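Below is one structure, written out as structure tokens; the observations come after it.
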Ligand SMILES: [Zn+2]
Ligand SMILES: [Zn+2]
């Protein structure tokens, strides 16, 4: 497989990190791995990497073990276990975003949601937007909010055994949901 | 008249209120990663909407460094925007105190500034511009992250609300650091509003929300208003304490400062700032009664280097001539009677 940073050389260095509860695996060529170490993206104090390039390229077969020592996790993953590390829309890598503290494009937030959720949490404490939404989404959001409210009312009604009210609410929810589907159906027809 | 020349004498400690909204357009990388072609496209989309709504388009390639510096001093743009090398354009609606920086760190930085304590008005004005733009383009938004911005520090509402305050009492009684750490605990921040170093002299600070996510726009404004009114109360107390603790020394300092501004033949920005603080403090405490507030307060921005040149209608290059022009400008203002 190809190195995830340069997308050119064969990847021979693998490592894992746990981010936001999920494990991400990375694969790099020796040159990129050495550069990342130099840039401080990969850190360890127990090894002397004074000449990391030589060390890494000189030991092509011992690398997996070397890095598993660094990160304390078992290494070498099959290529389908490798997580997404580059935003396909703008080409920014997880490493660049970490290093600069900035996203490359609005889609980074969707493509690299875990990383950016973690970064955002460390800044704002919580990752839950409250407040304005763009005009075009307002109708949808109001409706979502209304549905949530009806559903919670329905729960309360059932809990307090107010079945007459519960039946009414259930009808109302059904109607709202089917309206939504119909609308979506129409929209996709138009696209066709 | 620009915002810094109109005075709200009701709020003696509050100089201005500002609201800034960060927005981006879907389908384009953030300005740091755009090609010139993409930047030009984004700027023209923005210009199509704002041009029809009373905004002048100011191309930064064609304006003088002096003009750019004046925009920074008057807080219509950020210092980073003035220095920006990439494609970027300012849209300015000076009569409404509105500016839109296109392709700063984000595609859109919508900014509204009002004299005195007036965050609600500043917010309403910024929103009116946002709505115009929102109606004509797809603004990048995510249910979880809110408005998507290049830097995650601006996510959520994308809003930075800030109030410029004058706090000589709290500064001279040595309480700024303790105020700062208390504000940090509640997600607000205070910093010197006149750049590094000079801030202690100027006693002008900016209090703003540090956290832009998890609170609605209205709640951020409400919180800031509550905090600022408490800070202003504390400032009044601190000034009274200062006055009762060292009545004679304070009176002497204030009157000497008045003398310097009235009679100096040349005056530098730094020296002006030092005296300005003393005089405003003296006006608050009633030591000085005959200087009209509406003439004196605006000097804060009016005699800054680039704005001074602009208001005196000449580009004064060397410091000595500028210091002379500054002294003359101040004296002309101080000789005016209260209207
Ligand atoms: Zn590589
Ligand atoms: Zn991206």
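Chains as they are written, first to last, in the working numbering: chain A, 15 to 206; chain B, 54 to 392. Glycine is no exception: its CB is placed at the ideal position from the N, C-alpha and C atoms. Predicted, not measured: the structure shown is a model, and the values here were computed from it.
Not a single heavy atom of ligand 2 lies less than 7 Å from the C-beta of residue 204(B). Membership of residue 105(B) in any alpha helix (DSSP H) is not indicated, and neither H nor E is assigned to it by DSSP. Interface with chain B (8 Å Cβ-Cβ cutoff): residue 124(A) is included. Scanning its chain for C-beta atoms nearer than 7 Å, with the 5 sequence neighbours on each side dropped, one finds around residue 185(B) the residues 102 and 106, in chain order.
About 5 Å separates the beta carbon of residue 140(A) from that of residue 267(B), a gap short enough to meet the 8 Å contact definition.
Chain A has a Cβ within less than 8 Å of the Cβ of residue 206(B). The segment 221-238 of chain B and the segment 112-120 of chain A do not touch, with fewer than three beta-carbon pairs separated by less than 8 Å. Scanning its chain for C-beta atoms nearer than 6 Å, with the 5 sequence neighbours on each side dropped, one finds around residue 183(B) the residues 74 and 163, in chain order.
Nearest Cα to residue 199(B) within the set 169(B), 94(B), 245(B) and 269(B): 269(B).
Counting C-beta atoms within 10 angstroms of its own C-beta, residue 189(B) has fewer than 16 neighbours from the protein chains shown and is therefore classed as exposed. Using a Cβ-Cβ cut-off of 8 Å, residue 269(B) counts as an interface residue toward chain A, since at least one Cβ of chain A sits closer than that to its own. Annotated three-state conformation of residue 157(B) is coil, per DSSP. Annotation: Cβ neighbours of residue 137(A) in chain B (cutoff 7 Å, chain order): 205 and 206.
In this structure, residue 108(B) sits near residue 146(B), with a CB-CB distance shorter than 8 Å. Residue-level contact check: residue 199(B) touches chain A, since one or more beta carbons of chain A fall below 8 Å from its beta carbon. Each residue's CA atom was taken as its position, placing residue 273(B) and residue 262(B) some 7 Å apart. Against residue 82(B), the close residues of chain A are 104, 118 and 119, in the order they occur along the chain (beta-carbon pairs closer than 7 Å).
Take residue 278(B), set aside five residues on each side of it, and the residues of its chain with a beta-carbon closer than 7 Å to its own are 172, in chain order.
Sequence-distant partners of residue 377(B) (beyond 5 residues in either direction) whose C-beta falls short of 6 Å from its own C-beta, in its chain, are 319.
Contact fails between the segment 141-157 of chain A and the segment 214-227 of chain B, because fewer than three Cβ pairs, one in each stretch, are under 8 Å apart. Within the same chain, Cβ atoms closer than 8 Å to the Cβ of residue 98(B) are found at 78, 189 and 190, the five residues on either side in sequence being excluded. Secondary structure of residue 145(B) (DSSP, three-state): strand. Distances from the CB of residue 193(B) to the heavy atoms of ligand 2 are all 7 Å or more.
Neighbours of residue 115(A) in chain B, taken as residues at a C-beta separation under 9 Å, are given in chain order as 204, 205 and 206.
Note on geometry: alpha-carbon atoms of residue 56(B) and residue 167(B) lie some 6 Å from one another.
Within chain A, the C-beta atoms nearer than 8 Å to that of residue 79(B) come from 120, in chain order. Beta-bridge partners assigned by DSSP to residue 302(B): none are found.
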